[in-house]
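In full-length UniProt numbering, the protein residues as written are 1 to 657. Encoded as structure tokens, the structure appears first; notes follow it.
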Amino acid sequence: MGERFIIEVEPAKPAKDGKPSVGPVYRSLFAKDGFPPPVEGLDSCWDIFRMSVEKYPNNRMLGRRKFVDGKPGKYVWMTYKEVYDIVIKVGNAIRNCGVEQGGKCGIYGANCPEWIISMEACNAHGLYCVPLYDTLGAGAVEFIISHAEVSIAFVEEKKVPELLKTFPNAAKYLKTVVSFGEVTPQQKEEVEKFGAALFSWDEFLQLGSKNQYDLPVKKKTDICTIMYTSGTTGEPKGVMISNNSIVTLIAGVKCFLESVHEALNVNDVYLSYLPLAHIFDRVIEECFISHGASIGFWRGDVKLLTEDIGELKPTVFCAVPRVLDRIYSGLQQKISSGGRLRSTLFNIAYARKLQYLKSGCKYHEASPISDKVVFSKVKDGLGGKVRLILSGAAPLSSHVEAFLRVVACAHVLQGYGLTETCAGTFVSLPNQFDMLGTVGPPVPNVDVCLESVPEMEYDALSSTPRGEICVRGDTVFSGYYKREDLTKEVMIDGWFHTGDIGEWQPNGSLKIIDRKKNIFKLSQGEYVAVENLENIYGNNPVIDSIWIYGSSYESFLVAVVNPNKQEVEKWAKQNGLSGDFNSLCENPKVKEHILGELTKAAKEKKLKGFEFIKALHLDPVPFDMERDLLTPTFKKKRPQLLKYYKDVIETMYKDAK
Numbered sequence: 001m002g003e004r005f006i007i008e009v010e011p012a013k014p015a016k017d018g019k020p021s022v023g024p025v026y027r028s029l030f031a032k033d034g035f036p037p038p039v040e041g042l043d044s045c046w047d048i049f050r051m052s053v054e055k056y057p058n059n060r061m062l063g064r065r066k067f068v069d070g071k072p073g074k075y076v077w078m079t080y081k082e083v084y085d086i087v088i089k090v091g092n093a094i095r096n097c098g099v100e101q102g103g104k105c106g107i108y109g110a111n112c113p114e115w116i117i118s119m120e121a122c123n124a125h126g127l128y129c130v131p132l133y134d135t136l137g138a139g140a141v142e143f144i145i146s147h148a149e150v151s152i153a154f155v156e157e158k159k160v161p162e163l164l165k166t167f168p169n170a171a172k173y174l175k176t177v178v179s180f181g182e183v184t185p186q187q188k189e190e191v192e193k194f195g196a197a198l199f200s201w202d203e204f205l206q207l208g209s210k211n212q213y214d215l216p217v218k219k220k221t222d223i224c225t226i227m228y229t230s231g232t233t234g235e236p237k238g239v240m241i242s243n244n245s246i247v248t249l250i251a252g253v254k255c256f257l258e259s260v261h262e263a264l265n266v267n268d269v270y271l272s273y274l275p276l277a278h279i280f281d282r283v284i285e286e287c288f289i290s291h292g293a294s295i296g297f298w299r300g301d302v303k304l305l306t307e308d309i310g311e312l313k314p315t316v317f318c319a320v321p322r323v324l325d326r327i328y329s330g331l332q333q334k335i336s337s338g339g340r341l342r343s344t345l346f347n348i349a350y351a352r353k354l355q356y357l358k359s360g361c362k363y364h365e366a367s368p369i370s371d372k373v374v375f376s377k378v379k380d381g382l383g384g385k386v387r388l389i390l391s392g393a394a395p396l397s398s399h400v401e402a403f404l405r406v407v408a409c410a411h412v413l414q415g416y417g418l419t420e421t422c423a424g425t426f427v428s429l430p431n432q433f434d435m436l437g438t439v440g441p442p443v444p445n446v447d448v449c450l451e452s453v454p455e456m457e458y459d460a461l462s463s464t465p466r467g468e469i470c471v472r473g474d475t476v477f478s479g480y481y482k483r484e485d486l487t488k489e490v491m492i493d494g495w496f497h498t499g500d501i502g503e504w505q506p507n508g509s510l511k512i513i514d515r516k517k518n519i520f521k522l523s524q525g526e527y528v529a530v531e532n533l534e535n536i537y538g539n540n541p542v543i544d545s546i547w548i549y550g551s552s553y554e555s556f557l558v559a560v561v562n563p564n565k566q567e568v569e570k571w572a573k574q575n576g577l578s579g580d581f582n583s584l585c586e587n588p589k590v591k592e593h594i595l596g597e598l599t600k601a602a603k604e605k606k607l608k609g610f611e612f613i614k615a616l617h618l619d620p621v622p623f624d625m626e627r628d629l630l631t632p633t634f635k636k637k638r639p640q641l642l643k644y645y646k647d648v649i650e651t652m653y654k655d656a657k
């Protein structure tokens, strides 16, 4: 393998004593002289904030939009010093309620300045910050409070009624509830019935003025947060993340960004809208805080997101593929509705710049005139100042990534990581078009290897190395809370086994191609690696999402597809079909067209006969969390999909025969 962006630090290990073979251990080229050391004196998440307050007391830190006569106006900012003063009050109030170092503090609600302030108060006093979020499913908030033994919780005002539903069971542990806003006398009464106390934000700050408490000594190894992850089956798992994991990750991100000449600085601005309850957003915000940069919060409505972006003008934009897919679809719609002349000019400019990027040109040199005349409108739509777009949490379709790389006038990077690896584990590099569709090389503070999976025919020692991705380093989690059994399953000899299957590319970047557990056997005895197939079929612009299923009693595969509305309507118009999107999804000719497109893709990729899809169902409603078909990070919940589409699958098999 031509390891252009990684270096080998340990040789491969052939299969031995029944253990699968393991490929060489690789490290980022940026860490060839050893992992970047954290800043001196930076031992905990509290130090990240404390040191920035000392360095940048008057910098803008947290901002939210001010409403004037019911209309959103400019962003209003609190400085680092102003935030620090409130954090100290909140910390004193927490201690005043009898919560000591090592106590568990829940935070429940949408991103806002109070969320960060509560989190920093936890960091100050060595409490475990435990995000509570209901998207994990019904009863998840109650489960987390009881499982983590949360004794105090900060709650968004409109979520207070939701939290009260966890009583009386949660009251066994939860003794103090603090609203980010106001509370009603009735709510106070209800909480007091169960022997707990409820405070408004202002009341709680007053409580913090009574007594001053010394901040305890915090160690690198101390746990700073327990983040519960859904997984695709079973109860949520509490991932314990130490101060050291976050501090180490920040050092790695800093080294990476400096190495590619995109270092963060005090003038950077970040839009906080991805849930802080997820590690992806949490560590990004920690990175911004460590640089004395600014964080502005959205209003909590996805329909108003572009308006918030326009007002804030962020310099770095993080997104999950679902958001970038929406941006892509919206732009495609604008292009096609702009008239023939405009769309022809756009297509010429697009093809020309794409060609230059493929030939190795840097993005700002590929076509500066097109950037100024044609693509600058796209950049303006993201506020006009975005220089980095980072996609994470799930795979981004290659056609969407390629499109954004051309039109966004910014670096578009795709990353990969898990809560267990403190989010950042791989990230693609700017100005490397050959990394399209990959998650890039490892970040400069982890070691990575692939382990063969013989039952799926993935060989880590073949000429194209494929296998389960294993990660080692200080960013790796400290275990699952109260679940040593599950920890032992994934942590083997110091290596975290991700369950994801990767394939090394010749340039040292990694492509995620499959999931270890998502494998099933068809009636003729053939094994099918379903995620690999979904990646292949999912690259077709005619579909937005696909779920593939194969019964062990049947010899062929079927699929449920969310078609791309714009592509379907365009094809229908060209072929004289009428009706709205819902009725087009029921039209046999549309179904036949999409099945034909998928068959074409299968032939191009030389798939085996049993990997071809023989029947499909078109669902105009995208897979969503509301129907419990996706996890909060947009991974498919396969058992739930099977249950939801049970009748559809039976009909597909019956009709196909």
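Quick reminder that beta carbons are idealized off the backbone N, C-alpha and C, glycines included. Small disclaimer: the values here were computed from a predicted structure and weren't measured.
Can you grab the Cα-Cα spacing for the pair residue i / residue j, in whole Å?
i, j, result
"F426", "A293", "24 Å"
"K589", "K657", "19 Å"
"residue 660", "P275", "With the chain covering only 1 through 657, there is no way to say anything about residue 660."
"N243", "I348", "50 Å"
"P368", "F256", "26 Å"
"residue 658", "R50", "Outside the displayed span of the chain (1 to 657) sits residue 658, for which this structure offers no information."
"A170", "I145", "6 Å"
"C470", "A423", "14 Å"
"V453", "P465", "11 Å"
"D33", "L510", "22 Å"
"S179", "L304", "25 Å"
"E451", "D17", "15 Å"
Please report the residue range of the alpha helix (DSSP H) in which residue i lies.
i, result
"L305", "305-312"
"L341", "340-358"
"residue 663", "Past the boundaries of the shown model lies residue 663; the chain is included only from 1 to 657, so the question cannot be answered."
"A656", "646-656"
"K570", "565-574"
"V530", "530-538"
"G238", "Looking at the DSSP string, G238 is not in any alpha helix (DSSP H); the run it does join, the beta strand (DSSP E), is 237-242."
So, with DSSP's three-state summary, where would you put residue i?
i, result
"S272", "strand"
"R466", "strand"
"H261", "coil"
"L127", "coil"
"A293", "coil"
"K254", "helix"
"C122", "helix"
"N267", "coil"
"L518", "The displayed chain sequence assigns Asn, not Leu, to residue 518. N518: coil per DSSP, three-state reduction."
"R472", "strand"
"W298", "coil"
"V386", "coil"
"V150", "coil"
"Y549", "strand"
Determine the burial state of residue i: buried for a count of at least 16 other Cβ atoms within 10 Å of its Cβ, exposed for fewer.
i, result
"T475", "buried"
"N575", "exposed"
"D544", "buried"
"V528", "buried"
"F30", "buried"
"G417", "buried"
"T233", "Caution applies to T233, whose pLDDT of 49 falls short of 50 and renders its modelled position unreliable; the value that the coordinates give is listed next. The residue in question, T233, is exposed, as its Cβ has fewer than 16 Cβ neighbours within 10 Å."
"L618", "buried"
"P36", "buried"
"A351", "exposed"
"H278", "buried"
"K636", "buried"
"P442", "buried"
"Y228", "buried"
"T221", "exposed"
"I492", "exposed"
"R206", "In the sequence on display, residue 206 carries Gln and not Arg. Result: exposed."
Considering residue i, what are the terminal residues of the beta strand (DSSP E) in which it resides?
i, result
"V25", "25-28"
"Q414", "411-416"
"A393", "Run containing A393: none; DSSP gives neither H nor E here."
"C585", "Looking at the DSSP string, C585 is not in any beta strand (DSSP E); the run it does join, the alpha helix (DSSP H), is 581-586."
* Which runs of the beta strand (DSSP E), 3 residues or longer, sit entirely within the stretch 159-235? -> 176-179, 197-199, 223-229
* Please go through the stretch 31-103 and give each complete beta strand (DSSP E) segment of 3 or more residues, from N-terminal end onward. => 60-68, 71-79
* Asked: Going along the chain, which unbroken runs of the alpha helix (DSSP H) with 4 or more residues stay wholly within the stretch 430-504?
  -> 484-490
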